[in-house]
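Engineer: When we follow our numbering, the leftmost residue of the sequence shown carries the number 17, and every step to the right adds one.
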Amino acid sequence: MTKIAFICIHNSCRSQMAEAWGKVVLGDISEVYSAGTEEYPEVKPLAVVAMNEVGIDTSEQHPKLLKDIPQKLDILITMGCGVECPYVPAKYREDWGLDDPSGGTIEDFRVTRDLIETRVNTLRDRILNGDIKDKLMD
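1) Roughly how many angstroms lie between the CA atoms of I93 and R126, to the nearest whole one?
2) Compare the C-alpha of E35 against each of E55, Y56, A66 and T74 and name the closest.
3) What residues in its chain sit with their C-beta under 6 Å from that of V70, if we drop five residues either side in the sequence?
4) Taking the Cβ atom as the reference point for each residue, do C29 and D116 lie within a distance shorter than 8 Å?
5) Which same chain residues, not among the five before or five after R135, have their C-beta less than 7 Å away from its C-beta?
6) From what residue to what residue does the beta strand (DSSP E) around L89 run?
And the structure:
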């Protein structure tokens, strides 16, 4: 199975949402993880609320560090954190450049949630029949 990780600084919002969407959308074709480059005590409460609104319970998720996920990945997605991610071996990597809704309103979290959903669905299509598929074949 394809191993996919969504990486951010604190693993408390965008990467957690991406992991949750990934498990729903990509779970039949991949193992999905998320992690951060720095410790953080909890997933942002508004991220949990926003995901609950679409029927995805993330209340049991918790921030993880890079050391807590597999060290060899097929796909590494950074969320647009404005920080250089430490080297994690991956066959394919890209940055989604998403603004961090932390400190914003629930509407900001909803916008981010919906953008992530769209990108995860597109990622699925690209894995199954697009440009990423060829890069994963080695």
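Beta carbons: idealized from backbone N, C-alpha and C, even for Gly. Since the structure is predicted, the reported quantities are computational estimates derived from the model, not experimental observations.
Structural biologist: In short:
1) Here residue 93 refers to the residue found at position 77 when the sequence shown is read from its first residue. Here residue 126 refers to the residue found at position 110 when the sequence shown is read from its first residue. Going by the C-alpha atoms only, they are around 20 Å apart.
2) To locate residue 35, count along the sequence shown from 1; it is residue 19. Considering only alpha carbons, the answer is T74.
3) In the sequence shown, residue 70 corresponds to position 54, counting from 1. Result list for V70: empty, nothing under 6 Å.
4) Counted from its first residue, the sequence shown places residue 29 at position 13. Counted from its first residue, the sequence shown places residue 116 at position 100. Result yes, Cβ atoms of C29 and D116 sit closer than 8 Å.
5) The residue given as residue 135 occupies position 119 in the sequence shown. For R135, where only same-chain residues beyond five positions count, the Cβ hits under 7 Å are W112.
6) Working through the sequence shown from its first residue, we reach residue 89 at position 73. First-last of the beta strand (DSSP E) with L89: L89 to T94.
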